[in-house]
Amino acid sequence: MDECLIELDNSSVLVVPCDNESQPCDYTDWKHSSSVVPVLYMLVFVFGLSGNGVVICTVWRSRTKRRSADTYIGNLALADLAFVVTLPLWAVYAALEYHWPFGWLLCKVSSYLVTINMYASVFCLTCLSFDRYLAIVHSLSSNKLRSNRTTLLSLSLIWFLAGLLALPALILRRTDEKGNLTECAMDYIWVASEDTEHFWVGGLTLFASTMGFILPFLLMSTFYCAIANTVTRHFQNVKKEEQKKKRLLKIISALVLVFAICWLPFHIIKTIDALTWLDLISVRCSIDEFILLAHPYATCLAYINSCLNPFLYAFFDQRFRAQCLSVLRCSSAPKWIPPGW
280 MDECLIELDN
290 SSVLVVPCDN
300 ESQPCDYTDW
310 KHSSSVVPVL
320 YMLVFVFGLS
330 GNGVVICTVW
340 RSRTKRRSAD
350 TYIGNLALAD
360 LAFVVTLPLW
370 AVYAALEYHW
380 PFGWLLCKVS
390 SYLVTINMYA
400 SVFCLTCLSF
410 DRYLAIVHSL
420 SSNKLRSNRT
430 TLLSLSLIWF
440 LAGLLALPAL
450 ILRRTDEKGN
460 LTECAMDYIW
470 VASEDTEHFW
480 VGGLTLFAST
490 MGFILPFLLM
500 STFYCAIANT
510 VTRHFQNVKK
520 EEQKKKRLLK
530 IISALVLVFA
540 ICWLPFHIIK
550 TIDALTWLDL
560 ISVRCSIDEF
570 ILLAHPYATC
580 LAYINSCLNP
590 FLYAFFDQRF
600 RAQCLSVLRC
610 SSAPKWIPPG
620 W
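Quick note on numbering: the sequence shown equals residues 280 to 620 in my numbering.
Right, here's the structure in full:
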C-alpha cells in the first residue's frame with residue numbers, strides 16, 4: 280500500500296494510507312483544530328505555570344527538611360515548567376494553521392524542551408514510585424538507598440538520559456517553507472535517504488513510546504502493586520488505621536490511572552503511526568481519518584498531565600500540601616506538619 284504524508288502538529292508528521300488503487304485517501308473535509316487546540320494549550324500553560332511554580336517554591340523553601348520524595352517532586356515540577364513555557368509558541372502555531380513564525384532556533388529549542396519533559400517527567404515519576412516502594416515495603420532497610428547522595432545521583436542520571444534521548448528532536452527539527460506556510464517538523468535528510476527514512480521515523484517513534492511510556496509505566500505499576508499489597512496486609516487488622524489505608528490506596532490508584540489516561544491515547548496513536556511507517560500494518564482510510572481527528576486532542580490530553588502533576592504528586596500528600604499552603608499565604612512554615620505517607 281502506498282503512503283501519503285500529512286503534517287499534524289509540533290510532535291510529529293503522520294503517514295496516511297492510500298487506497299487499493301494507489302490513490303490517496305480523501306482528506307478534503309479534514310480541518311486543523313485551529314481554535315480548540317490553542318485554547319487548551321493556553322489553559323495548560325496557565326495552570327501548569329502557576330501549579331508547578333508553587334511546587335518549586337515549596338521544595339526550595341523546605342530544603343532543610345526535604346525528603347527524597349520532595350526532591351523528585353521538585354524536579355518533576357521543573358521538567359513540567361520548562362515544557363509549559365513553550366506552549367504559547369505551539370498555541371500560536373496551531374492557531375495559524377501550523378505556520379511557524381518564530382524562526383529555526385525556537386523551533387529546535389522548544390521541540391527539544393517538549394521531548395525532554397516527556398522523558399524527565401516519566402523518569403522522575405518512576406523514581407518517585409521506587410522511592411515510595413522503598414519507604415513503605417522496605418522501610419527498615421532502605422535508608423542508604425534513599426540517602427541524599429543517592430537521590431542526587433539518580434536525578435543527575437535522569438536529566439542526562441532525558442537530554443540524551445531528546446537529542447533527535449534538537450538535531451532533526453527544522454523549519455521548512457511550504458507555500459505560504461513555514462512548518463516546524465522533523466527532517467531526516469541528515470541521517471537517512473528516501474529509501475531508509477521510513478525506518479528512522481518508525482524506529483524513533485517506537486523507541487520514544489517504549490522508553491517514554493511502556494517501560495516506566497510497567498515499573499510504576501509493579502511498584503504500586505507491591506505498595507498496595509503491603510499496605511493492605513499491614514493494616515488488615517488495625518481498625519484505627521483503616522482511613523489511612525483507604526487514603527493510601529486511593530492515592531496509589533490515582534497516580535497510576537491518571538498517568539495512563541493522559542498518555543495512553545497519545546502513545547497508541549504514535550505506535551500505530553510507527554507500525555504504518557515500518558509497513559508492519561495497514562489501516563483503512565476511515566480508521567486513519569479518525570486517527571487524524573483524534574491526534575491533536577490526544578496530544579492535548581498528554582500535555583494536561585503537566586498541569587495535573589502538582590496536584591497528584593504534591594497536594595495529595597498532607598505534609599507537602601501544608602507547605603504549599605504556607606507558600607501561598609507568604610507565611611513561615613507551619614509549626615505542625617502532618618506526617619507524610
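Built from N, CA and C at the ideal position, the CB exists for glycine as well.
- If you draw a 10 Å sphere on the C-beta of residue 452, you find 16 or more other C-beta atoms in it, and that means buried.
- Checking the DSSP bridge columns, you'll see residue 464 partnered with 453.
- Counting only residues of its own chain and dropping the five nearest sequence neighbours on each side, residue 333 has a CB closer than 8 Å to the CB of 589, 603, 606 and 607.
- Residue 487 sits in a helix when the DSSP states are folded into three classes.
- In terms of CA proximity to residue 416, 501 leads the group 487, 346 and 501.
- DSSP places residue 423 outside any alpha helix (DSSP H), giving it a letter other than H or E.
- In this structure, residue 363 keeps its C-beta atom at 9 Å or more from the C-beta atom of residue 491.
- Ranked by Cα distance from residue 403, the options 422, 489 and 349 are led by 349.
- Distance from the CA atom of residue 429 to the CA atom of residue 335, rounded to whole angstroms, is 21 Å.
- DSSP places residue 375 in the coil class of the three-state scheme, outside both helix and strand.
- When the five nearest sequence neighbours on each side are left out, the beta carbons in the same chain lying within less than 8 Å of the beta carbon of residue 539 are those of 496, in order along the chain.
- Assigned with DSSP and collapsed to three states, residue 512 falls in helix.
- The segment 418 to 428 and the segment 366 to 379 do not touch, with fewer than three beta-carbon pairs separated by less than 8 Å.
- Going by C-alpha positions, residue 314 is about 48 Å away from residue 509.
- When secondary structure is reduced to three states using DSSP, residue 380 falls in the coil class, being assigned neither helix nor strand.
- In the three-state reduction of the DSSP assignment, residue 551 falls in the helix class, which pools H, G and I.
- Distance between residue 486 and residue 512, taken at the CA atoms: about 38 Å.
- In this structure, DSSP gives residue 595 a state outside helix and strand, which the three-state scheme calls coil.
- Cα atoms of residue 505 and residue 371: separation of roughly 44 Å, rounded to the nearest angstrom.
- Within the model, the alpha-carbon separation for residue 573 versus residue 554 is close to 18 Å.
- The shortest CA-to-CA distance from residue 446 to any of 394, 557, 534 and 384 is the one to 394.
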